[in-house]
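Chains as they are written, first to last, in the UniProt record's numbering: chain A, 1 to 110; chain B, 1 to 110.
Think of the CB as a built atom: it goes at the ideal place given N, C-alpha and C, for glycine as much as any other residue.
There are 2 protein chains.
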Amino acid sequence: MGVTKSDLFTETQNELANYAKVLAHPARIAIIQFLLKTNTCCNSTLVEDLGLAQATISQHLKELKNVGIIQGTVEGVSVNYCINPEKWHYIKKMLSDLFDGYDPTYCSNC
Amino acid sequence: MGVTKSDLFTETQNELANYAKVLAHPARIAIIQFLLKTNTCCNSTLVEDLGLAQATISQHLKELKNVGIIQGTVEGVSVNYCINPEKWHYIKKMLSDLFDGYDPTYCSNC
DNA sequence: TATTTTTATCGTAATATTGCAATGTAATAT
DNA sequence: ATATTACATTGCAATATTACGATAAAAATA
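If you want it as structure tokens, here you go:
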């Protein structure tokens, strides 16, 4: 049906899935990596750098902002985007908690 | 269009996005967490545990298997799934490389 | 004021994802 | 041989995502 049955899952499961979803597009990964390098960027810079249309970049930025991984501050005509440090570390922790939860020494059949 | 312009991005960006995509559904997170707890599971166990239809679980398992995060071994009538340790650590490293790439002390405007 | 620059939003088309009933398949049990 | 059990696959409907042109809004500039 295309609609996820969120009510079947825990809050953590839905939350993790939502964070993963925002990372699940190369353009958004590229935007994040760009920010890791330059610390700040605006829509027009990304349009040049990524080669996607302005409306498309704007949409990706919106999704990143919606989950809180980036934040934007109006700077005259343009908007400066940067990583939200608190959210960044929160997501980082959720993911490492998940990935640290596996100990292969307990596995007998693989 | 619904189609990602993969050719605009680096291999790493596409790869990261693909791994994120497979984590971008609470059912698949739930399956992984189930495996972290029990180390092994089969389709029917998950159908009981998650409350999704057998065909749906089968589809989610297929996606997890396609990116290599889990592997299945036929055990008589049923199929035992478990985490693929190499892939697990590979994905874990890719994600931590991304998330370790941020140093808030360099950021002046947030 | 008119123009330019930058971004957001709307509308739309193409494609992808989610979920499940129905059906197919393969191994085991009766 | 037939039935049962466990999964995979197919086909379909509903919804979500991706991409972008067109347009709107808001600030800076001529």
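| query | result |
| --- | --- |
| Three Cβ pairs or more, each shorter than 8 Å: is that satisfied between the stretch 22-36 of chain A and the stretch 52-70 of chain A? | yes |
| Determine the extent of the beta strand (DSSP E) in which S78/A is found, giving its start and end residues. | 78-83 |
| Specify, as a first and last residue, the run of the alpha helix (DSSP H) that V47/A falls within. | 43-50 |
| For residue 111/A, count neighbouring Cβ atoms within 10 angstroms of its own Cβ and tell me buried if that reaches 16, exposed if not. | Any question about residue 111/A goes unanswered here, given that chain A covers just 1 to 110. |
| Please report how far the alpha carbon of D49/B lies from the alpha carbon of V22/B, in whole angstroms. | 20 Å |
| Given a threshold of 16 other Cβ atoms within 10 Å of its Cβ, counted over all protein chains shown, does H89/A qualify as buried or as exposed? | exposed |
| Alpha carbon to alpha carbon, how far is A20/B from G76/A? | 35 Å |
| Return helix, strand or coil for T105/B, following the three-state DSSP convention. | helix |
| Within 8 Å (strictly less), CB to CB, does T4/A reach chain B? | yes |
| Taking all protein chains shown into account, decide if A17/B is buried (16 or more other Cβ within 10 angstroms of its Cβ) or exposed. | buried |
| For C42/B, collect the residues of the same chain with a Cβ closer than 7 Å to its Cβ; drop the 5 residues on either side in sequence, then sort them by chain order. | S78, V79, N80, Y81 |
| If the cut is a Cβ gap below 7 Å, which residues of chain A does G51/B touch? | L8 |
| Taking 8 Å as the CB-CB limit, is N43/B close to chain A? | no |
| Apply the 10 Å Cβ neighbour rule to Q13/A and answer buried if 16 or more other Cβ atoms are within range, or exposed otherwise. | buried |
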